[in-house]
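Notes to accompany the following structure.
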Amino acid sequence: MAQALPPFCPMCGAPTVQGQRFCANCGQSFVSAPPQGANVPATNQRPSTPFPPTSQPAYQHPTQATPSWHNTGPTAPTSPPPSYTPVPKKRAFGRTSCVLISLLLLILLGAGSYLGAAALGIHLPGLGAGNASQSSVTTTQMNTTVTYAGVKLTVLSAQQSQSFNDDPNTTSTGMVRLSIQEQNTTTVKVSWLYAGIARLLLPDKTIATPTFVRANVGIAPGATQKSTVDFAVPINDKVNQLTLRLGAANEAQMDIPLTGQAELGKYSPKTVQPNGQMLYMGLNWTLAKATEQLSIAGQQASKGMIYIVVTL
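Counting in the working numbering, the sequence shown runs from 92 upward without gaps.
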């Protein structure tokens, strides 16, 4: 009876096939001698062709003989590695757009503030006209004084030109610049804006408002300072045909002809000394003087009104 061939080499564990006599891996023989006393039928043995000699590495006994069995059964499916959704990056375009919009808003706000301050008479650096040459300027001396809100205002001079390069709002059809000195003889700080109280009456009865003002908003007690006020006036209008009006629309106004010889006595304070006496609450009172005027310290009289200041 033939011996069953093991499916694996008992020496190295390599798999075998039916009819294999030697292990292809370690050379182990799979033919064993029959037991003693067994009858082995005689058969015509063919000379077996020897296997060609092969060079095989010497077998080394492993530290622990572990047959390398191959598991042919079903295996558990291997789960793929978890996929991570990348965090979406913010679009650089959106951030850049926000920055550009912010810069544009700042520029617009700055330009609006500049124009608003100039219209209100706040002194700001002028934009000028670059390297353009200044057109010829004609200067007329005035030295005309009136009192507004208790402050003496003296129109020193009037300048006329086609344009003023240092006026950011200048026109090219004619400009007039008034130089005014302010002297505060009161004991309080007085504030006003030329944009609100100064107007220029033109020969055709139109009224011009200031285009640009260089002035401090207020003047301290006892201080003296200078300001300039620009008006857009056609170059053909002569300075001596113009009239400066001081005072807001709801205040007592004063008209100053720019002739250099204007008679302004009607705006000066008028004082009388009645020296009248009276008895009040058992006391004798004497009215030493009474003064009629258009302003007191820091305040201009309302339209159609005057101040009466009495001294007892």
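C-beta atoms are modelled at their ideal positions from N, C-alpha and C, and glycine is treated no differently.
These numbers were taken from a predicted model, which means no experiment stands behind them.
Query	Result
Secondary structure, beta strand (DSSP E): runs of 3+ residues fully inside the region 265-338	266-275, 289-292, 301-305, 315-323 and 334-337
Best match in N256, I387, N275 and V401 for proximity to T362 [C-alpha to C-alpha]	V401
Beta strand (DSSP E) runs contained entirely in the region 366-392, provided each spans 3 or more residues	367-371, 374-378 and 380-384
Distance between Q250 and M396 (C-alpha atoms, nearest Å)	34 Å
Whole-angstrom C-beta distance between T334 and L292, which should lie under 8 Å	4 Å
Reduced DSSP category for K361 - H, G, I as helix; E, B as strand; rest coil	strand
Within 9 Å, strictly: CB atoms of L337 and I347	yes
Continuous beta strand (DSSP E) stretch holding L349: start and end	Neither: L349 is in no beta strand (DSSP E) and is coded neither H nor E.
Inter-stretch contact at 8 Å, needing at least 3 Cβ pairs: the region 348-355 / the region 367-385	no
Simplified DSSP assignment, three categories, for T231	strand
Given 8 Å, three or more beta-carbon pairs between the region 193-207 and the region 304-311	no
Local Cβ density within 10 Å of G241, reported as buried at 16 or more and exposed below that	buried
Nonlocal neighbours in the same chain, by C-beta distance under 8 Å from Y358, ignoring five residues either side	V237, T238, M345 and L385
Residue of D295, T302 and L244 minimising C-alpha distance to R268	T302
Of the listed residues S193, F322, A311 and G367, nearest to I298 (C-alpha basis)	F322
Nearest-angstrom Cα separation, counted from S226 out to E383	46 Å
Residues that DSSP places opposite P106 in a beta bridge	F99
Own chain residues within Cβ distance below 6 Å of T245, not counting five before or after	T236 and Q272
C-beta atoms of G207 and T277 nearer than 9 Å	no
Residue environment, R112, which counts as buried when at least 16 other CB atoms sit within 10 Å	exposed
Same chain only: Cβ atoms within 6 Å of T262, ignoring 5 sequence neighbours per side	A323
Beta carbon of S270 nearer than 9 Å to that of S248	yes
Exposure label - R186; buried when at least 16 CB within 10 Å	exposed
Integer Cβ distance of A343 from A392, believed to fall under 8 Å	4 Å
For I397, the three-state DSSP class (helix, strand or coil)	coil
Which of helix, strand or coil DSSP assigns to L195	helix
Separation of Q368 from N260, as counted between CA atoms	59 Å
Endpoints, the beta strand (DSSP E) within which A249 is located	V242 to S252
Own chain residues within Cβ distance below 7 Å of K394, not counting five before or after	N341, E342 and A343
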